[in-house]
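Peer 1:
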């Protein structure tokens with residue numbers, strides 16, 4: 010067309026490879042027998058400056074793998090034309106589950122490449138061993154025995170380095186260049202010293218690939234955290250590195266496999282060693298989470314128009330790709346902060362033709378959800394649905410509070426010899442169990458097993474007593490169901506009561522194509538019966554380790570309900586590796602969770618407690634500790650501003666003041682609380698007796714506060730009220746229980762010392778791993794969950810209690826780093842810093858374990874200090890042998906077992 014300018018042909022940047030090529034043309038193959046990835050690396054980068062020139066477009070022989078000059082350029086060529094070697098490098102970066110379940114199904118060629126026994130063998134063996142596959146277990150048994158990686162061998166960690174040095178599937182064609190890259194690592198000198206002292210035969214082969222792998226193994230053992238492993242990968246991914254990422258991953262998978270197998274076979278090493286490597290591998294193989302706020306016109310609907318558009322992780326993408334069928338039950342087991350709600354938002358957006366019902370745990374969450382979910386989602390609580398159908402008929406007969414033992418005691422018949430409060434408590438427990446169940450009638454199965462007698466002793470409920478309790482509960486339930494007015498508060502309908510009536514009516518939610526249940530671990534069987542009786546598809550989302558409401562009747566439905574498909578979300582976007590490690594260790598040690606591992610993001614996180622500044626959230630097990638914390642931080646000349654989670658009313662500050670008034674009837678002060686006012690004539694001792702017999706824990710805590718502070722209560726209550734601010738962002742300290750903090754997150758979290766306590770410390774540490782903990786049946790699972798929830802509220806800094814630090818010590822985690830002796834001598838004398846130890850440290854040790862500086866929640870400071878060889882072995886186990894101290898035990902040899910060596914062992918290790 011005349012007058013228009015002809016668009017010039019697109020230009021492509023070409024990188025001149027330098028003088029080693031015969032003609033400098035990047036579009037021609039170099040006549041040298043080098044693998045594809047090595048040739049491409051050499052063509053695209055080098056040690057010298059890279060020259061760039063504009064040339065006419067050429068056929069893209071690199072298939073776009075080296076990038077294009079602009080987003081409009083379309084790489085030439087197709088996937089089927091890629092050489093096998095290139096496909097191997099690409100496939101090696103894909104999680105194994107995706108390789109086996111998805112990529113293997115693409116075509117026969119891809120299946121052949123992935124199924125080749127020589128392709129990523131250590132990665133395959135790692136996951137097979139985790140799954141308990143027999144041939145993988147046999148392979149690892151032989152490897153551990155041949156290299157002395159057993160609990161009987163004190164120098165097993167040196168055998169670990171030898172074993173990794175023999176890894177066959179990692180290729181290093183230029184060891185000198187690889188070592189030059191490794192020298193940039195902050196731990197390289199320590200690793201080199203360790204090998205030179207302990208493994209002189211390997212030290213004499215620095216020009217061999219085995220030495221490079223040995224250095225990598227030593228760095229893994231000396232690493233103080235995930236950052237050190239990520240630094241290792243970064244060093245070996247430099248342009249001058251001769252190692253491909255597939256080779257690097259194979260070494261890391263070999264270390265992860267060996268460390269996991271050693272710990273499983275009771276070698277006393279820290280679980281951090283395996284966790285560091287696993288964490289790094291996870292992030293290398295999963296896509297990053299990259300939130301960005303964009304406007305989506307398709308989903309714009311008033312306040313719902315602006316929402317974050319998220320790049321899903323591979324775990325999330327599997328969920329988004331799943332088409333939910335009618336009647337299908339899908340579970341999503343998600344760790345803390347892993348994006349449960351954002352995943353559901355993306356799922357509803359992805360399947361926009363479906364009409365969803367989102368069920369939230371409480372009204373506030375439902376209201377917040379309505380602001381972010383797309384228009385095809387209705388956000389409700391289960392109680393709001395039940396109220397619309399049943400609860401509204403009861404009008405003024407509704408009991409806005411809860412059914413208490415005190416109220417029930419007034420409607421029970423008098424019986425000789427038993428406290429009415431104890432009887433009422435058993436009836437309340439029976440009704441609560443019935444309301445939470447999916448059963449149609451009250452039976453003896455709902456009655457409590459234990460109760461307190463008049464002397465406060467815990468006794469079994471006798472069988473004939475259970476039948477009496479059932480009849481009394483039935484009478485109250487019958488009165489509650491009546492629509493007419495009543496004078497007895499115990500006969501009013503409760504929220505759980507009308508929900509139970511709705512469940513018994515077998516309601517239909519046929520208006521929806523699918524139901525999304527958030528916090529499914531806290532659902533009662535009654536709620537699950539409502540949801541699962543529908544004909545539509547159901548997605549249950551939650552974290553079984555955040556179940557802290559069993560006292561409300563929740564029975565961890567997320568684990569018990571049958572399902573057709575299960576997905577996992579294990580990467581938390583809330584915190585970094587150090588906080589994630591503490592959370593993962595809690596699950597590992599206290600709950601024996603080994604099939605999935607919690608990981609975090611790539612941001613910095615700290616658990617040392619040193620230098621904590623700014624706003625602090627202090628989380629406790631009970632309200633008595635919260636009150637004590639409030640007293641402590643609001644005292645002195647400069648009282649801090651505080652915010653109590655849930656507010657002053659929910660905390661019960663006024664009730665504490667009213668209970669104090671019962672101590673001083675002579676003052677004739679007005680008691681404002683309706684319930685406490687009933688005890689004015691009887692006094693504090695009577696209401697305390699009621700609280701103990703009815704097992705009202707919250708009331709007991711408030712009475713305990715009054716008894717501890719007595720005459721100071723009015724002044725303290727007034728001080729807390731004056732220092733309290735309504736908005737958390739305005740406070741210096743955020744105080745509250747874990748129950749109030751659930752669903753929230755804070756930059757800095759302090760863990761109080763009032764959580765469950767058992768003797769973790771010496772001399773019990775040795776027994777714990779085989780039978781954790783002492784008398785495990787005495788520790789309810791809720792207690793471990795509470796501690797886990799508290800830890801995972803932290804985003805940047807976690808200040809641990811002494812007890813929490815002791816749990817980590819069970820796994821040999823003492824937060825010790827290895828330092829060069831010549832460097833240590835410059836700043837301190839060579840004496841052991843352990844309490845009660847007077848040993849000196851041999852000056853000819855090449856490495857010395859140094860304990861980090863730590864500050865606990867109670868203010869206790871553990872200064873940095875050195876460990877002598879004896880203390881190092883006692884605390885750290887066989888990892889202490891890396892110091893090269895002459896006082897360490899020498900190698901103990903054990904004859905190899907006479908086992909036929911599988912062919913897989915020869916593929917994994919050169920020595921075989």
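In the numbering used here, the protein residues as written are 10 to 921.
Glycine is no exception: its CB is placed at the ideal position from the N, C-alpha and C atoms.
1) Could you please give the first and the last residue of the uninterrupted beta strand (DSSP E) stretch that includes residue 756?
2) Could you tell me whether the region 599-610 touches the region 852-859, where touching means 3 or more Cβ pairs closer than 8 Å?
3) Roughly how many angstroms separate the alpha carbons of residue 921 and residue 266, rounded to a whole number?
4) Are there 16 or more other CB atoms within 10 angstroms of the CB of residue 531, so buried, or fewer, so exposed?
5) Quick one: grab the DSSP three-state call for residue 428.
6) Where do the ends of the beta strand (DSSP E) carrying residue 858 lie?
7) What are the boundary residues of the alpha helix (DSSP H) that residue 204 is part of?
8) Under a Cβ-count criterion, where at least 16 other Cβ atoms within 10 Å of its own Cβ denotes burial, should residue 321 be classed as buried or exposed?
9) When you compare only the Cα positions, how much space is there between residue 467 and residue 459?
10) Excluding the five sequence neighbours on either side, which residues of its own chain have a C-beta within less than 7 Å of the C-beta of residue 451, listed in chain order?
11) Could you tell me the alpha carbon to alpha carbon distance between residue 919 and residue 893, rounded to whole angstroms?
12) Under the three-state reduction of DSSP, which class applies to residue 156: helix, strand or coil?
13) Contact between the region 855-866 and the region 754-765 is defined here as three or more beta-carbon pairs at a separation below 8 Å; is this criterion met?
14) Using DSSP with H/G/I as helix, E/B as strand and the rest coil, what is residue 808?
15) Within this structure, are the beta carbons of residue 858 and residue 812 separated by less than 7 Å?
16) Starting from residue 127 and walking both ways along the alpha helix (DSSP H), at which residues does that stretch end?
17) Nearest to residue 90 by alpha carbon, out of 106, 103 and 118?
18) Note down, in chain order, each residue of its chain lying with its Cβ closer than 6 Å to the Cβ of residue 900, except the 5 sequence neighbours on either side.
19) Apply the 10 Å Cβ neighbour rule to residue 880 and answer buried if 16 or more other Cβ atoms are within range, or exposed otherwise.
20) Among 290, 670 and 675, which one has its Cα closest to the Cα of residue 685?
21) In chain order, what residues of the same chain lie with their CB nearer than 7 Å to the CB of residue 882, ignoring the 5 residues before and after it?
22) Short of 6 Å in beta carbon distance, which residues of its chain neighbour residue 340, apart from the five on each side in sequence? Order them along the chain.
23) Determine which residues share a DSSP beta bridge with residue 369 and list them.
24) Can you give me the Cβ contacts of residue 911 inside the same chain, cut-off strictly under 7 Å, excluding the 5 residues immediately before and after it?
25) Excluding the 5 residues flanking residue 112 on each side, which residues of the same chain have their C-beta closer than 7 Å to its C-beta?
26) When the Cα atoms are used, what is the spatial distance from residue 506 to residue 371?
27) Jot down the residue ranges of each uninterrupted beta strand (DSSP E) in the region 525-588, minimum 3 residues, whole runs only, in chain order.
28) Can you check DSSP and say which residues form a bridge with residue 5?
29) Once you ignore the five residues that flank residue 269 on each side, which residues in its own chain have a CB closer than 6 Å to its CB?
30) Going by beta carbon distance, what residues of the same chain come within less than 6 Å of residue 391, once the five residues before and after it are set aside?
31) How big is the Cα-Cα spacing for residue 379 and residue 515?
32) Does the distance from the C-beta atom of residue 416 to that of residue 499 stay below 7 Å?
33) Report buried or exposed for residue 870, applying the criterion of at least 16 other Cβ atoms within 10 angstroms of its Cβ.
34) From 204, 181, 254 and 236, pick the residue whose C-alpha is nearest to that of residue 168; which is it?
35) With DSSP collapsed to three states, give me the class of residue 275.
36) Should residue 872 go down as buried or exposed, given a rule of 16 or more other Cβ atoms within 10 Å for buried?
Peer 2: Looking at the atomic coordinates:
1) Boundaries of the beta strand (DSSP E) harbouring residue 756: 755-760, taken from the DSSP string.
2) Flag = no, the region 599-610 and the region 852-859 do not touch.
3) Those two C-alpha atoms are separated by around 18 Å.
4) By the neighbour-count criterion, in which a residue is buried when 16 or more other Cβ atoms sit within 10 angstroms of its Cβ, residue 531 is buried.
5) Here residue 428 carries a coil assignment [DSSP, helix/strand/coil].
6) Counting along the chain, the beta strand (DSSP E) containing residue 858 begins and ends at 856-860.
7) Segment 197-207, the alpha helix (DSSP H) holding residue 204.
8) That one is buried.
9) Going from the Cα of residue 467 to the Cα of residue 459 covers about 6 Å.
10) Only 439, 443, 479, 482, 483 and 486 meet the Cβ criterion.
11) Cα to Cα, the separation comes out at about 26 Å.
12) Assigned with DSSP and collapsed to three states, residue 156 falls in coil, not helix or strand.
13) Touching, yes.
14) Per DSSP, reduced to three states, the secondary structure at residue 808 is strand.
15) No, the pair does not count as a contact, with Cβ atoms beyond the cut-off.
16) In the DSSP annotation of this structure, residue 127 is not part of any alpha helix (DSSP H), being labelled neither H nor E.
17) It is 118.
18) Confidence at residue 900 is low in this model, with a pLDDT of 45, below 50, so its placement is unreliable and the value that follows should be read with caution. Excluding residues within five positions, the ones whose Cβ falls inside 6 Å are 164.
19) By the neighbour-count criterion, in which a residue is buried when 16 or more other Cβ atoms sit within 10 angstroms of its Cβ, residue 880 is buried.
20) Looking only at 290, 670 and 675, the smallest Cα-Cα distance to residue 685 is reached by 670.
21) Closer than 7 Å at Cβ, skipping near neighbours: 889.
22) Residues of the same chain with a CB within less than 6 Å of the CB of residue 340, apart from the 5 flanking positions on each side, are 549, 572 and 575 in chain order.
23) According to DSSP, residue 369 bridges with 390.
24) Result list for residue 911: 144, 147 and 148, in chain order.
25) Excluding five sequence positions before and after residue 112, the CB atoms of its chain that fall closer than 7 Å to its own CB belong to 100, 103, 119 and 123, given in chain order.
26) For residue 506 and residue 371, the distance between alpha carbons rounds to 17 Å.
27) Fully enclosed beta strand (DSSP E) runs of 3 or longer: 546-551 and 574-578.
28) Any question about residue 5 goes unanswered here, given that the chain covers just 10 to 921.
29) Same-chain partners within the cutoff: 283.
30) Excluding residues within five positions, the ones whose Cβ falls inside 6 Å are 368 and 536.
31) Rounded to the nearest angstrom, the two C-alpha atoms are 26 Å apart.
32) Yes, Cβ-Cβ distance for residue 416 and residue 499 is below 7 Å.
33) Counting of Cβ neighbours within 10 angstroms places residue 870 among the exposed residues, the total staying below 16.
34) In terms of CA proximity to residue 168, 204 leads the group 204, 181, 254 and 236.
35) It is coil, neither helix nor strand.
36) Label assigned to residue 872: exposed.
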